[in-house]
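One structure is given here, and the rest of the page talks about it.
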Amino acid sequence: MSVTVVGSIAFDAVKTPFGVRERMLGGSAVHFALAASFFDEVRVVGPVGDDFGPEHVAVLADRGVHTDDIERVPGSTFFWSGVYGWDLNDRETLDTQLNVFANFEPKLSESSRASDVLFLANIQPDLQRQVRAQCAEARFVALDSMNLWIETARTSLIKAISEVDCLILNDAELRQLTKEPNLVLAARKVRGWGPRVVVAKQGEYGAAMVTEEGFFALPAFPLETVVDPTGAGDSFAGGFVGYIAAHPHEPPHHELLCRAMAYGTALASFNVEEFGTERVARLSSDEIHDRVAELGRMTRFIEKPLTLRG
Ligand code: AMP
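Those letters in the sequence shown? Residues 373 to 682, per this note's numbering, in order.
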């Protein structure tokens with residue numbers, strides 16, 4: 373079994389209070405693929421420019437990610453630049469250059485089309501829909517997006533959302549998309565469009581999930597060192613969707629999805645410890661297991677009877 377992801381493959385310029393990177397490997401599909409590679413075979417779909425060197429492909433290939441559907445196109449690779457202040461939940465986008473994505477028409481190989489799980493990472497919703505149409509057999513499809521597409525391509529984004537099983541979005545963007553200030557009502561509205569599962573990413577506060585069976589939430593893993601949150605959302609999605617892909621014979625019921633949330637949370641927490649892909653690229657399976665176990669201990673409590681006054 374395998375997971376196919378379409379999304380940005382990028383060079384990022386990022387400034388946080390802890391340092392600067394002028395040009396590092398990034399992109400929603402890249403962060404997702406590295407995280408998901410711990411769970412299943414991953415196939416990345418998307419274009420790169422002439423400036424994308426073998427050293428960049430190697431970051432993915434070294435984790436066993438299939439890169440055959442990364443198309444080389446004349447021009448420059450997608451470029452994004454952002455800056456964070458002391459509140460790392462709040463980032464400002466300085467520049468977005470679609471470059472080779474502007475005229476991209478995804479043509480998936482047979483292997484990518486045959487994946488049983490599909491992730492439509494953040495990119496223009498029309499591209500997400502084109503890939504969705506080519507993966508008609510996928511048993512679980514999740515989608516992420518962002519404010520840029522909510523503002524510039526809302527109708528197409530809602531069509532794309534209506535064609536998937538799960539929406540994973542920042543909580544502020546979920547409110548912006550649905551025009552509902554309340555998260556539970558926002559999730560209900562999205563579920564009315566089609567997806568059975570809605571996950572709201574809440575940055576350093578964790579993530580919340582609504583399914584037909586109920587609500588579940590986890591805090592972010594408490595860390596003393598957070599250097600660069602770029603890609604945390606995609607790493608979360610990689611852990612979450614990857615965990616589902618690793619259970620091909622189990623339907624993604626609520627309880628499995630709660631465990632998937634824990635793996636997503638763990639992967640996101642590693643991602644933010646260093647810039648870009650640096651930390652996840654050299655992560656080990658044992659480190660992931662240890663962090664999930666610790667998250668389990670830290671979020672468990674035992675209810676005991678108590679007679680309350682009144
Ligand atoms: P995240 O921090 O998980 O929301 O994702 C950060 C990644 O998203 C960066 O590596 C960027 O290259 C990528 N990105 C930023 N803006 C866009 C956009 N408009 N479309 C696709 N990818 C983007």
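Heads up, the beta-carbon is just placed ideally off N, CA and C, and yes, glycines get one too. Model, not experiment: these values are computed from the prediction.
*asked:* Taking the straight line between their C-alpha atoms, what separation do you get for Glu-576 and Phe-476?
replied: Here the alpha carbon of Glu-576 sits roughly 34 Å from the alpha carbon of Phe-476.
*When the Cβ atoms of the region 494-502 are set against those of the region 458-467, are three or more pairs found closer than 8 Å?*
No contact exists between the region 494-502 and the region 458-467.
*Would you report the Cα separation of Pro-677 and Pro-553, rounded to the nearest angstrom?*
Approximately 36 Å, taken between the alpha carbons.
*DSSP state of Val-445, grouped into three classes?*
In this structure, Val-445 counts as coil in the three-state DSSP scheme.
*Considering only residues of the region 553-614, which uninterrupted alpha helix (DSSP H) runs meet the minimum length of 4 residues and lie entirely inside it, listed in chain order?*
With a minimum length of 4 residues, the continuous alpha helix (DSSP H) runs that stay inside the region 553-614 are 555-565.
*Taking DSSP as the reference, what is the three-state secondary structure of Lys-387?*
Of the three classes helix, strand and coil, the one that applies to Lys-387 here is strand, per DSSP.
*Considering only C-alpha positions, which residue in the set Phe-383, His-619, Ser-641 is nearest to Phe-512?*
Among Phe-383, His-619, Ser-641, the Cα nearest to that of Phe-512 belongs to His-619.
*Alpha-carbon to alpha-carbon, Pro-426 and Met-633*: Going by the C-alpha atoms only, they are around 33 Å apart.
*Where Gly-578 falls, given that 16 or more other Cβ within 10 Å makes a residue buried*: Burial check for Gly-578: the Cβ neighbour count within 10 Å reaches 16 or more, so the residue is buried.
*asked:* My output table needs one value for Arg-672: the three-state DSSP class, helix, strand or coil.
replied: For Arg-672, the three-state secondary structure derived from DSSP is coil.
*Whose C-alpha, out of Val-503, Lys-551, Ala-505, is nearest the C-alpha of Glu-523?*
For the residues Val-503, Lys-551, Ala-505, the minimum Cα distance to Glu-523 belongs to Lys-551.
_Any non-hydrogen atom of the ligand AMP closer than 7 Å to His-428 Cβ_ = Because no heavy atom of the ligand AMP lies under 7 Å away, the Cβ of His-428 does not count as near it: no.
*For Met-518, is the beta carbon positioned less than 7 Å from some heavy atom of the ligand AMP?*
Met-518: yes, Cβ under 7 Å from the ligand AMP.
*Bounding residues of the beta strand (DSSP E) (the contiguous stretch that carries Asn-542)*: Residue range 538-542 is occupied by the beta strand (DSSP E) that includes Asn-542.
*Where Leu-595 and Leu-470 are concerned, what is the direct C-alpha to C-alpha distance, given to the nearest angstrom?*
Distance between the alpha carbons of Leu-595 and Leu-470: 33 Å.
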